[in-house]
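What follows is a single structure, written as structure tokens, with notes after it.
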Amino acid sequence: MRHRRTSLLFAFFIAAEHQRRRNFLAFSKKIPYNPSGFAGGRITNPINPTSPLLYFCKWQTLYEISLMKDLSKDLFNPISGEDFVQMFDKDYGTQETLQGYATKGTVKDIRGDFAMVDVGLKSEGRVPLKEFGASVPSVGDIIDVFVERYESREGTAVLSYTKARAEKAWKDLEKTVAEGVDPEGTIIDVVRGGYTVDLGGVFAFMPSSQVDHKPVRDAKSLIGLKDKFRVLKMDALRTNAIVSRRAIQSDSIAAAQREAMKNITLGAVIEGTVKNITDYGVFVDLGGVDGLLHVTDLSWKRVNHPRELVHVGEKIKVKVIQFDPESHRISLGAKQLEADPWDTASRAFNVGDTVSGKVSSITDYGAFIDLGNNIEGLVHMSELSWTNKNIHPSKVLQVGQDVNVVVLGIDQEKRRISLGYKQLQPNPWKQFAETHNVGDVVTGPIKNTTEFGLFVQLTPELDGMVHISDLSWNKLDEEELKKFVRGQEVTAKILDINPEKERVTLGIKQLTESADNAHVAIKKGAVVSGTVSEITPDELILALPNDIRGVIRRTDLSREKAEQDTSKFKVGDTVEASVVSVEGNTVKLSIRALQVTLEKQAVKEYANQADSGSVLGDILGAAIENSKK
17 MRHRRTSLLF AFFIAAEHQR RRNFLAFSKK IPYNPSGFAG GRITNPINPT SPLLYFCKWQ
77 TLYEISLMKD LSKDLFNPIS GEDFVQMFDK DYGTQETLQG YATKGTVKDI RGDFAMVDVG
137 LKSEGRVPLK EFGASVPSVG DIIDVFVERY ESREGTAVLS YTKARAEKAW KDLEKTVAEG
197 VDPEGTIIDV VRGGYTVDLG GVFAFMPSSQ VDHKPVRDAK SLIGLKDKFR VLKMDALRTN
257 AIVSRRAIQS DSIAAAQREA MKNITLGAVI EGTVKNITDY GVFVDLGGVD GLLHVTDLSW
317 KRVNHPRELV HVGEKIKVKV IQFDPESHRI SLGAKQLEAD PWDTASRAFN VGDTVSGKVS
377 SITDYGAFID LGNNIEGLVH MSELSWTNKN IHPSKVLQVG QDVNVVVLGI DQEKRRISLG
437 YKQLQPNPWK QFAETHNVGD VVTGPIKNTT EFGLFVQLTP ELDGMVHISD LSWNKLDEEE
497 LKKFVRGQEV TAKILDINPE KERVTLGIKQ LTESADNAHV AIKKGAVVSG TVSEITPDEL
557 ILALPNDIRG VIRRTDLSRE KAEQDTSKFK VGDTVEASVV SVEGNTVKLS IRALQVTLEK
617 QAVKEYANQA DSGSVLGDIL GAAIENSKK
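Pasting the structure below:
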């Protein structure tokens with residue numbers, strides 16, 4: 017009896033110590049252990065721990081209990097070790113094994129806010145009724161519950177229906193994904209960076225980029241949406257998942273595209289729906305695949321923007337003009353459904369014809385005229401007015417205005433027709449040519465001055481130009497130009513009238529007859545004498561009679577290279593030279609050319625004086641000396 021009582025007390029001690037250790041582990045949320053998994057104080061069937069510290073605590077606890085079992089077996093013969101282990105496992109092993117796991121239980125009673133569930137422990141466990149929502153179980157129902165913890169030595173357990181459902185849902189999800197099936201779910205909330213999706217008890221995250229292949233303007237509008245979702249990633253340890261709705265859509269779109277491409281062939285005429293409009297064209301839905309209708313293929317006539325002809329949602333017929341089955345790129349055309357009007361344009365219009373049209377649009381460079389039959393021509397801004405080349409087209413024409421124009425040119429290859437508007441108006445240049453002649457003297461105000469001359473107003477519509485070289489015979493052009501200002505009345509002589517080039521050339525210096533005659537009298541080859549007025553390293557400037565300007569280049573100073581030096585001259589020296597050329601009011605001279613001429617004359621003279629005893633060297637020397645005087 018003594019040994020029996022001692023054995024029972026020792027067993028009670030072991031049980032109490034074990035309960036203390038068990039409470040510590042439950043408090044630390046430790047996964048329960050299996051005492052039968054130990055032998056000789058060593059772990060043979062361990063359960064994965066959540067932390068090294070708890071792992072050590074569990075190992076130490078089970079090791080001590082194992083030793084106590086061995087001691088009870090060896091020291092207390094009235095109760096064998098095997099019987100004690102069985103008694104111990106019967107009283108405490110079952111409930112320790114269930115903690116932290118899901119199991120099935122039977123609803124025994126409904127007490128207040130809890131459902132009492134029998135899971136095979138000494139006492140019934142409690143499940144809060146709020147976890148069931150609207151589906152409260154009845155007595156006798158078998159449900160799935162999760163054993164969270166024990167609250168008393170009697171084995172009263174806290175159970176959870178929600179956690180059991182979540183664990184079951186996770187296992188079901190794993191099975192579904194393993195089978196290659198996309199689970200169904202419901203979008204229940206909008207969170208930072210995406211959405212929360214309920215996959216039948218598993219709450220997954222869906223990034224915003226994976227919600228739809230089209231932009232979503234209102235994120236909250238998708239709450240409550242039920243659809244299939246593609247599981248992109250699963251983390252069993254953290255029991256979370258990342259899903260995508262866009263991946264499902266992409267598969268559907270790809271399948272629709274493959275099916276639609278079977279019906280698309282080059283040259284096929286298909287009816288589609290305008291899906292989107294851009295500056296460069298229109299995207300048309302062909303029933304699963306999109307094609308691009310470029311703005312240049314909308315109409316044979318010029319189109320500023322596709323919105324002028326189509327709108328989103330409109331049904332239109334198009335022709336497949338190019339497509340790539342691999343990339344699913346399809347080029348469409350609408351104008352190709354009609355005959356090309358340019359095939360007959362060369363027969364319908366001829367250069368010089370006067371045609372009627374309507375102004376369709378105006379740009380900075382001209383006006384487009386609708387000539388009918390989807391053909392447009394351009395009136396360039398230079399063809400709007402005879403006298404104003406830079407006038408803006410809106411100053412002359414208005415959109416919608418009916419006008420008559422003249423065909424100036426047809427480019428069949430480039431599909432262009434050039435038109436003229438001024439050609440139907442009186443030409444002021446021809447009118448001026450009919451009433452004036454070259455040599456006439458005219459008077460008018462200076463309308464504008466430029467670096468190259470003056471523009472003188474001849475009529476209210478046209479101007480004549482005085483080039484800078486025609487201002488004076490003998491003065492520097494730049495200095496002479498400074499004497500004239502805008503608005504000043506000047507008199508000039510008409511030098512040329514060219515109606516084709518729309519130009520009247522005037523001259524002021526030509527009004528001086530004496531200077532004009534003197535200038536004309538100077539001819540190539542003539543020998544002239546002048547005074548040095550200016551010296552530069554490269555040339556001499558001479559003042560010739562009648563205020564004519566002469567120029568001698570350095571290389572024309574002498575036949576001898578050593579004598580080609582302008583520094584040997586000084587202002588005021590008299591120099592004699594031959595005329596090389598006459599360019600405007602400038603005469604180019606050459607001393608070198610004069611020397612050559614004198615040598616030729618000397619040779620000729622020597623031939624005539626051969627019998628007189630004259631030496632050729634003497635004759636040449638005398639001639640050269642005379643040229644230097």
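Following the numbering used here, the numbering of the sequence shown begins with 17 at its first residue and continues without gaps. Ideal Cβ placement from N, Cα and C applies to all residues, glycine included. Small disclaimer: the values here were computed from a predicted structure and weren't measured.
First through last residue of the beta strand (DSSP E) which encompasses residue i
i: ASP214; result: 210 to 214
i: LYS187; result: Looking at the DSSP string, LYS187 is not in any beta strand (DSSP E); the run it does join, the alpha helix (DSSP H), is 177 to 194.
i: LYS333; result: 331 to 340
i: GLU429; result: Looking at the DSSP string, GLU429 is not in any beta strand (DSSP E), and its letter there is neither H nor E.
i: ILE159; result: 158 to 166
i: MET222; result: 219 to 223
i: ASP301; result: 297 to 301
i: ILE239; result: Taken as a continuous stretch (DSSP letters only), ILE239 belongs to no beta strand (DSSP E), as it is neither H nor E.
Closest by C-alpha distance to residue i, when choosing among the options
i: TYR117; options: LYS146, GLY141, PRO144, GLU164; result: GLU164
i: ALA257; options: GLY416, VAL472, LEU387, VAL213; result: VAL213
i: VAL520; options: PHE500, LEU474, ILE564; result: LEU474
i: ILE269; options: PHE245, ASN279, GLY304; result: GLY304
i: VAL123; options: VAL152, LYS138, ASP301, LYS146; result: VAL152
i: GLY566; options: ILE538, ASP581, LYS577; result: ILE538
i: VAL422; options: ALA272, SER434, LYS249, LYS411; result: SER434
i: ALA235; options: VAL458, TYR211, LEU605, LEU308; result: TYR211
i: GLY288; options: TYR296, ASN279, ALA578; result: ASN279
i: LYS577; options: ILE607, LYS586, VAL334; result: ILE607
i: THR451; options: LYS499, LYS405, LEU470, ILE510; result: ILE510
i: ASP380; options: LYS405, LEU387, ASN390, TRP358; result: LYS405
i: ASP243; options: GLN265, SER225, PRO476, THR178; result: GLN265
Cβ of residue i within 8 Å of any chain D Cβ
i: ASP313; result: Absent from the structure is chain D; it holds one protein chain and no more.
The ligand ZN heavy atom lying under 7 Å from the CB of residue i
i: ASP306; result: Looking for the ligand ZN in the displayed structure turns up nothing, as the structure carries no ligands at all.
Beta-carbon proximity check, residue i vs residue j, cutoff 8 Å
i: GLY216; j: ASP188; result: yes
i: ASP647; j: ARG570; result: What is shown of the chain runs 17 to 645, which leaves residue 647 out entirely.
i: GLN414; j: VAL371; result: no
i: VAL319; j: VAL328; result: no
i: GLU200; j: SER176; result: no
i: ALA383; j: VAL395; result: yes
i: ILE203; j: GLY240; result: yes
i: TRP402; j: GLU518; result: yes
i: SER594; j: GLY541; result: yes
i: GLN617; j: ARG575; result: no
i: SER549; j: ILE557; result: yes
i: ASP160; j: LYS191; result: no
i: PHE585; j: ILE551; result: yes
i: LEU400; j: VAL419; result: no
i: ILE484; j: PHE468; result: yes
i: PHE339; j: LEU282; result: yes
i: ASN390; j: SER315; result: yes
Buried or exposed (CB count within 10 angstroms, at least 16 for buried), residue i
i: THR430; result: The question names Thr, yet the displayed sequence has Lys at residue 430. Exposed: under 16 other Cβ atoms inside 10 Å.
i: PHE162; result: buried
i: PHE448; result: buried
i: GLU650; result: Examination of residue 650 is not possible in this model, given that the chain is present from 17 through 645 alone.
i: ASN64; result: With a pLDDT of 39 at ASN64, under the threshold of 50, the predicted position of this residue should be treated as unreliable, though the coordinate-derived value follows. When all chains shown are included, ASN64 counts as exposed.
i: PHE245; result: buried
i: GLN111; result: Legend: pLDDT at GLN111 = 47, less than 50; position of this residue unreliable, value from coordinates given subsequently. Per the 10 Å Cβ criterion, buried.
i: GLU392; result: buried
i: SER343; result: exposed
i: ARG181; result: buried
i: TYR5; result: Given a span of 17 to 645 for the chain in the structure shown, any question on residue 5 remains unanswerable.
i: GLY436; result: buried
i: VAL353; result: In the sequence on display, residue 353 carries Leu and not Val. When all chains shown are included, LEU353 counts as exposed.
i: PRO409; result: buried
i: ILE293; result: buried
i: SER530; result: Residue confidence for SER530 is low, a pLDDT of 47 falling below 50, so the modelled location carries little weight and cannot support an answer.
i: PRO322; result: buried
i: ALA220; result: buried
Element boundaries [alpha helix (DSSP H), containing residue i]
i: PHE448; result: 444 to 451
i: GLU505; result: No alpha helix (DSSP H) contains GLU505, which is instead part of the beta strand (DSSP E) from 505 to 514.
i: ALA593; result: Unbroken run through ALA593 is the beta strand (DSSP E), 590 to 599; no alpha helix (DSSP H).
Rounded distance between the beta-carbons of residue j and residue i, thought under 8 Å
i: ALA173; j: VAL135; result: 7 Å
i: ILE337; j: ALA350; result: Not a contact, Cβ separation roughly 10 Å.
i: ILE462; j: GLN504; result: 5 Å
i: GLY480; j: LEU522; result: 4 Å
i: VAL543; j: GLU592; result: 6 Å
i: LEU348; j: VAL326; result: Not confirmed; about 12 Å, so no contact.
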